[in-house]
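Participant: Take a look at this one; I'll ask things after.
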Amino acid sequence: MAGVTNARREQYEKLDTIISRWKGEQGGLLPIMQHAQELMGCLDDEVQRYISDKTGASVSTIYGIATFYSLFTLAPKGKYKIGLCLGTACYVRGSQNVIDELQKELKVEVGKTTPDGLFTLDATRCIGCCGLAPAMMINDEVFGRLVPSDVPGILDHFRQKEA
Ligand code: FES
13 MAGVTNARRE QYEKLDTIIS RWKGEQGGLL PIMQHAQELM GCLDDEVQRY ISDKTGASVS
73 TIYGIATFYS LFTLAPKGKY KIGLCLGTAC YVRGSQNVID ELQKELKVEV GKTTPDGLFT
133 LDATRCIGCC GLAPAMMIND EVFGRLVPSD VPGILDHFRQ KEA
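Note that the numbering used here has the sequence shown beginning at 13, numbered continuously upward.
Here it is in structure tokens:
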């Protein structure tokens, strides 16, 4: 594993422990992949190949599982995960306009992360705040009754935390 940082090496060592716990068990690949994602932040090509080498499962099997379950991600998520609700109550109150504005402000499409690693933009189903429609969550924080003009100020609030 040439070129791997010490921090990354430690993550792989922890992953080795998990793999030795689950390797060979029926259905063991799923918990291995879940732990790998928790440790590494995502299941990118390198992590998929590592799990393949250590478990004997093919990369295509691992990739297939990673892309089938929505809990897995193939690329690192941003520090702030935006989940804009496109459930019915939010949609009829204009959440599409809000998500259009988010895409414009962040210069990324839904499902993508900004190049600075700060924001990941996702569309979600109902987040249980229909009375606040249209609503979104940024990490654990709820923002409701949104209009597109709210978007720049909300994003700035999080950008300023990093300044
Ligand atoms: S539909 Fe958006 S919070 Fe319920």
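Each residue gets a CB set at the ideal place from its N, CA and C atoms; glycine is no exception. Here the structure is a predicted model, which means the values were calculated and not measured.
In three-state DSSP terms, what is Glu22?
Facilitator: The answer is helix: DSSP assigns Glu22 an H, G or I state.
Participant: Could you give the residue range of the beta strand (DSSP E) that holds Lys93?
Facilitator: Where Lys93 is concerned, the enclosing beta strand (DSSP E) stretches over Tyr92 to Cys97.
Participant: What residue range does the beta strand (DSSP E) around Phe80 cover?
Facilitator: No beta strand (DSSP E) contains Phe80, which is instead part of the alpha helix (DSSP H) from Val71 to Phe80.
Participant: For Glu153, report the span of its beta strand (DSSP E) as first-last.
Facilitator: Glu153 -> beta strand (DSSP E) spans Glu153 to Phe155.
Participant: Quick one: does the C-beta of Gly140 sit closer than 7 Å to a heavy atom of the ligand FES?
Facilitator: Checking the Cβ of Gly140 against the ligand FES gives yes.
Participant: Hey, would you say Leu55 sits closer than 8 Å to Ala48, going by beta carbons?
Facilitator: Going by C-beta atoms, Leu55 is nearer than 8 Å to Ala48.
Participant: Going by the beta-carbon positions, is the gap between Ile150 and Ile94 smaller than 8 Å?
Facilitator: Contact flag set, yes.
Participant: Quick one: what does DSSP say Ala135 is sitting in, helix, strand or coil?
Facilitator: Residue state, collapsed to three classes: strand.
Participant: Over what stretch of residues does the alpha helix (DSSP H) that includes Phe170 continue unbroken?
Facilitator: Counting along the chain, the alpha helix (DSSP H) containing Phe170 begins and ends at Val163 to Glu174.
Participant: Could you tell me the distance, in whole angstroms, from the CA atom of Asp128 to the CA atom of Gln172?
Facilitator: Going from the Cα of Asp128 to the Cα of Gln172 covers about 14 Å.
Participant: Is Gly165 near the ligand FES, going by C-beta to nearest heavy atom under 7 Å?
Facilitator: Answer for Gly165: no, Cβ out of range of the ligand FES.
Participant: Note down the Cα distance separating Ser161 from Glu22, rounded to an integer number of angstroms.
Facilitator: Going by the C-alpha atoms only, they are around 44 Å apart.
Participant: Does at least one heavy atom of the ligand FES sit under 7 Å from the Cβ of Ala101?
Facilitator: Ala101 Cβ: within cutoff of the ligand FES.
Participant: From this set, Cys142, Arg33, Val120 and Leu98, which residue's C-alpha is nearest Gly90's C-alpha?
Facilitator: Taking only the C-alpha atoms, the option nearest Gly90 is Val120.
Participant: Could you give the C-beta distance for Tyr92 and Phe170, rounded to a whole number, given that I count them as a contact under 8 Å?
Facilitator: Indeed, because the Cβ distance is near 5 Å, the residues count as touching under 8 Å.
Participant: Any heavy atom of the ligand SAM closer than 7 Å to the beta-carbon of Ala19?
Facilitator: This structure does not include the ligand SAM; its bound ligands are the ligand FES.
Participant: Which residues share a DSSP beta bridge with Thr85?
Facilitator: According to DSSP, which records beta bridges pairwise, Thr85 is partnered with nothing at all.
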